[in-house]
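> Take this structure first; my questions come after.
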Amino acid sequence: MLKLLIEPYCELCGRELAYSELETGICENCINEIKFLDLDNSCVKCSLPEVGENCPYCRDLSFVFERNFSLFDYKGSIKNIFFEIKFNQSKEKTKVFHRLLEKLDIEEIIGMKIDLIVPVPSSPLVYFKRGFNLVNEMFKPISSKWGIEFLEVLGRKFFYKSQKKLSKSERAKEIAKQFFVRKKVDLSNKVALIVDDVFTTGNTINTCATLLRSLGVLKVYSLTLFRANLI
Ligand SMILES: [Zn+2]
Ligand SMILES: [Zn+2]
């Protein structure tokens, strides 16, 4: 709090902050200027921006989930805000994302009634280091705003191999081993939305989707803040 009292100016534009803006350090104007990606121009499978129907990443891939929706460009001020949260533990800045996400009619975007929102579980090690669960912090308040159940049904192992030296297919297998079902619940005929911060290869979402399907889930969609492009 002390830091905020000393710096009552918007980190992005330098304007003096209103009392309600002090917590995030970013003014309402700057939040409103952050644009959502145009989903009509993004890949209809992996949400890679501006590729339309000819996606260089996933045209030869098949996923267990129906479609991923990524909301923001992985650059500029919104990426910087995200990095502040991810690497500088600025938990209060998740409120910037809440302000943006609460404007969305999620079921209209997905085109389907969503029964439950399932977060990608974070590694317990990362959780201890960071002090909070980033994905839950981002999406739990929003799920309740949207009136959709937030179900932490998946878990992630404490230890797993570093993937740096692995080939693509070995990597997918290693990722598959990291996750497990925490609670054996019957999710027959439900439509689930997996939520995560960044969609990169799709391996994580695919693994989580496979586990959800094993619980009876009918259709799995995915919502991520960003789509990282490794091409
Ligand atoms: Zn500003
Ligand atoms: Zn794609």
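Numbering (our numbering), first residue to last: 63 to 293. Where a beta carbon is used, it is the ideal one built from N, C-alpha and C, also for glycine. Here the structure is a predicted model, which means the values were calculated and not measured.
#1: Compare the beta carbon distance of Leu213 and Val180 with 7 Å and say whether it is the shorter of the two.
#2: Ligand 1 and Asn91: does any heavy atom of the ligand fall closer than 6 Å to the residue's C-beta?
#3: When the Cα of Asn94 is compared with those of Val106, Asn142, Pro118, Lys165, which residue comes out closest?
#4: Would Leu216 and Phe241 be called neighbours here (beta carbons separated by less than 7 Å)?
#5: Tell me whether the beta-carbon of Thr269 lies closer than 7 Å to the beta-carbon of Ala290.
#6: Using 8 Å as the Cβ pair cut-off and three pairs as the minimum, do the stretch 142-153 and the stretch 118-126 touch?
#7: Per DSSP, what kind of secondary structure is Ser276 in: helix, strand or coil?
#8: Given a cut-off of 7 Å on the beta-carbon distance, is the pair Ile88 and Val158 in contact?
#9: With three or more C-beta pairs closer than 8 Å as the rule, is the stretch 132-146 touching the stretch 280-287?
#10: Could you check how far apart the C-beta atoms of Glu90 and Glu83 are, in whole angstroms? I think they sit under 8 Å.
#11: In angstroms, rounded to a whole number, what distance separates the CA positions of Lys97 and Arg77?
#12: Is the Cβ-Cβ distance between Glu112 and Asn103 less than 7 Å?
Taking the definition as stated:
#1: yes
#2: Yes.
#3: Lys165
#4: yes
#5: no
#6: no
#7: helix
#8: yes
#9: yes
#10: 6 Å between Cβ atoms; contact.
#11: 20 Å
#12: yes
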